[in-house]
Every structure is written in structure tokens, then in C-alpha cells.
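Numbering (this note's numbering), first residue to last: 1085 to 1210.
Each residue gets a CB set at the ideal place from its N, CA and C atoms; glycine is no exception.
Notes to accompany the following structure.
Following this line, the structure appears as C-alpha cells:
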């Protein structure tokens, strides 16, 4: 369970990440939105999660493919902007994904000038 800090939710970085992720759905075997939260501490990796890379989670969604339509390219550009903002504003980035089960939680966590920020989503892998 992430140590969510409900007192510090109005920072500029959180607002920017919320704006960039608004309406974006991470596509796997389902579609899932992103939730941006302030954390009271940087969590250790839970035993039921593995560490993966940011590219493992957002790389494909942020890369234009030859077969993409103009509409697809616009969505890819939004994912690329979100990924760039994460890399720009967060340091010590850790990405954790649930090991077992079909529906897996994904946590993107990093330190910022405003404290620890978490980006939560999920993927379905069967």
C-alpha cells in the first residue's frame, strides 16, 4: 500500500502531471487511467512487486509506429510529453509492477522538489 499524503496535493508538479495524464488510458488487455498522488515517504518495493523500467510501462505508448494514424500520433505525443515530464521532474525514479495475477498495479515513484510523487495505474496481462 502506498503511503498517500492527502495534505499535499496542490503542487505545481502534481498539477502538471495530472494535466498531462488527464484522459490518457494506458492500453494493455484493458485500458486504465493514471492517478497522480503525493506520498508521505518513498516506499520500499513490496514483496509482491517487481521493479521494471519506465520504458517497460510507457515506452511503447510514447513511440510512433509506422501504421499510426494522425489521431494515434496525437495520443503518442501526449504519452511522450507525460514520459518527458516524469523524467524531467522526478529523480530516483522507481517503477514497480505486481508480479502475480492478471490485473497488475503499476507504481511510478520519484522524488521531486515538492516531495515524493506517485503515479498509479494498472495493466491487465493474461
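Query: Residue 1198 - DSSP class collapsed to helix/strand/coil; Result: coil
Query: Cβ shell of residue 1205 (< 6 Å), same chain only, five flanking positions each side left out; Result: 1110, 1116, 1118, 1190
Query: Beta-carbon gap between residue 1179 and residue 1123 smaller than 8 Å; Result: no
Query: N-terminal and C-terminal residue of the beta strand (DSSP E) that residue 1123 is part of; Result: 1119–1123
Query: Reduced DSSP category for residue 1150 - H, G, I as helix; E, B as strand; rest coil; Result: coil
Query: Straight-line gap, residue 1159 to residue 1136 (C-alpha atoms, nearest Å); Result: 23 Å
Query: Beta-carbon proximity check, residue 1101 vs residue 1165, cutoff 8 Å; Result: no
Query: Cα-Cα separation between residue 1108 and residue 1145, rounded to whole angstroms; Result: 10 Å
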